[in-house]
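> Following UniProt numbering, the numbering of the sequence shown begins with 1 at its first residue and continues without gaps. Got a structure here, written out as C-alpha cells. Questions coming.
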Amino acid sequence: MEGREEIKGSKPTFPLSFWEVTMAFTVVMGFVLGLGGVYLTMPASDYSFLKLPRSLEDLHILRDHLEIYTSDYTLQVLVGYCAVYIFMQTFMIPGTVFMSLLAGALFGVLKGVALVVITATAGASSCYFLSKLVGRPLVISLWPDKLSFFQAQVISIPCSVAQRRESLLNYMLFLRLTPTLPNTFINVASPIVDVPYHIFFMATFIGLIPAAFLTVRAGIALGELQSVGDLYDFNSIATLFLIGVVSVTPTLMSKPKL
Numbered sequence: 001m002e003g004r005e006e007i008k009g010s011k012p013t014f015p016l017s018f019w020e021v022t023m024a025f026t027v028v029m030g031f032v033l034g035l036g037g038v039y040l041t042m043p044a045s046d047y048s049f050l051k052l053p054r055s056l057e058d059l060h061i062l063r064d065h066l067e068i069y070t071s072d073y074t075l076q077v078l079v080g081y082c083a084v085y086i087f088m089q090t091f092m093i094p095g096t097v098f099m100s101l102l103a104g105a106l107f108g109v110l111k112g113v114a115l116v117v118i119t120a121t122a123g124a125s126s127c128y129f130l131s132k133l134v135g136r137p138l139v140i141s142l143w144p145d146k147l148s149f150f151q152a153q154v155i156s157i158p159c160s161v162a163q164r165r166e167s168l169l170n171y172m173l174f175l176r177l178t179p180t181l182p183n184t185f186i187n188v189a190s191p192i193v194d195v196p197y198h199i200f201f202m203a204t205f206i207g208l209i210p211a212a213f214l215t216v217r218a219g220i221a222l223g224e225l226q227s228v229g230d231l232y233d234f235n236s237i238a239t240l241f242l243i244g245v246v247s248v249t250p251t252l253m254s255k256p257k258l
C-alpha cells in the first residue's frame, strides 16, 4: 500500500519556484515596458503591419512598410529592431532568422551583419543571465539528454587554467558554428554547466558572424527566397562545418590520451 500511495502521489510538479517565476515575470515586464516605450516614440501612423514575422510572406510585408520609415526614422527603427531581437533571444521565441533577413533587406550587408551579431550576442547574454537565475529546473526538465552530453563535453576539457580557457573557447566556437546543439539550448545551458561568461560572450560574438553573413546577404535578395531552407545550401553548410572543425581541432588534440 505504501508503495502504491507513493507512486500515486508522485505527480509531476512545476519546475520553477514562486521566487523564480516572480523573477522571470519581472524581466518579462521590463522588456514589455521597454518595447512599449519604443512604440510610443514612433511617429503617428498605422502600425497594424507590425508583428513578429513567422513566414517569408510576413517578412515581405514588414520589409515593404519599414523601408519607408528607415530612411526618415532610422534611430527609432534601429532601437525597435534591437529591442525586439533581444527580447526574442532572451525568451527563446522562434523567428530570429527572419529578423536577420530583415536586417539585410533594410540595412545592407555590413551594417546588417554588425546589427545582427551585436543584437544576437546581447540577446544570448540576456538569456544566459536569466538562465543563471531560473533556468536550471527548466533545462533539466526540457533537455535532460542534451544537458548530460553538453556537461560531459565541458567536464572532459583539460583542467589546467590556461588549457581549459583555450580549449573551452574552441569548443564553444565549434558549437556556435555548427548545428551540433541548438543555439537556444547553448544560451540557457551554458551557465548551468559552468561555462564562464567571458568565454560564452567571445564564442557567441565570433561564432555567429559566418551564419549572420549568410543570412543577412540572403535578406538583400529577399524576393528570390522561396523558403527558409534556401538560406543554407550544401556549400554554405559545408563551409560552416569546416570552420567549426578547424576551431575545435586544438581542443581535440589537447585532450589527454587514455
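Note that the Cβ used here is the ideal one computed from N, Cα and C, for glycine as well.
(1) Going by the beta-carbon positions, is the gap between G108 and I199 smaller than 8 Å?
(2) Between the C-alpha atoms of T96 and M172, what's the straight-line distance to the nearest angstrom?
(3) For N187 and A103, I'd like the C-alpha separation in whole angstroms.
(4) Can you tell which of M88, R63 and L66 has its C-alpha closest to the C-alpha of V27?
(5) Determine, using beta-carbon pairs with one atom in the region 208-215 and one in the region 148-159, whether at least three such pairs fall under 8 Å.
(6) Between V32 and V116, how many whole angstroms is the CB-CB distance? I'm expecting something under 8 Å.
(7) Just to check my reading of the structure: L56 and L225 have Cβ atoms closer than 8 Å, yes? What is that Cβ distance to the nearest angstrom?
(8) Kindly indicate which residue of L169, L50 and R54 has the alpha-carbon position closest to the one of E67.
(9) Just to confirm, are L175 and L169 a CB contact at a threshold of 8 Å?
(10) Looking only at its chain, what residues have a beta carbon closer than 8 Å to the beta carbon of T90, apart from the 5 residues adjacent to it on each side?
(11) Between G80, S148 and Q153, which lies nearest to Y47 when the distance is taken from Cα to Cα?
Concretely, from the data shown:
(1) Taking the sequence shown and counting its residues from 1, one reaches residue 108 at position 108. Taking the sequence shown and counting its residues from 1, one reaches residue 199 at position 199. Cβ distance not < 8 Å, so G108 and I199 don't count as in contact.
(2) By 1-based counting over the sequence shown, the position of residue 96 is 96. By 1-based counting over the sequence shown, the position of residue 172 is 172. In a straight line, the C-alpha of T96 is about 20 Å away from that of M172.
(3) Walking along the sequence shown from the start, residue 187 turns up at place 187. Walking along the sequence shown from the start, residue 103 turns up at place 103. Cα to Cα, N187 sits roughly 22 Å from A103.
(4) Against the sequence shown, residue 27 aligns to sequence position 27. Shortest Cα-Cα distance from V27 to any of M88, R63 and L66 involves M88.
(5) no
(6) The residue labelled residue 32 in the question sits at position 32 within the sequence shown. The residue labelled residue 116 in the question sits at position 116 within the sequence shown. With a Cβ gap of about 23 Å, V32 and V116 do not count as contacting.
(7) Counting from 1 along the sequence shown, the entry for residue 56 is found at position 56. Counting from 1 along the sequence shown, the entry for residue 225 is found at position 225. Correct: roughly 6 Å between the Cβ atoms.
(8) Looking up residue 67 in the sequence shown gives position 67. Of L169, L50 and R54, the residue nearest in Cα terms is L50.
(9) Walking along the sequence shown from the start, residue 175 turns up at place 175. Walking along the sequence shown from the start, residue 169 turns up at place 169. Going by C-beta atoms, L175 is not nearer than 8 Å to L169.
(10) Against the sequence shown, residue 90 aligns to sequence position 90. Taken in chain order, the residues that qualify are V27, F31, G123, S126, C127 and L130.
(11) For the purposes of this step, residue 47 is taken as the residue at position 47 of the sequence shown. Of the listed residues, the one whose Cα sits closest to Y47 is G80.
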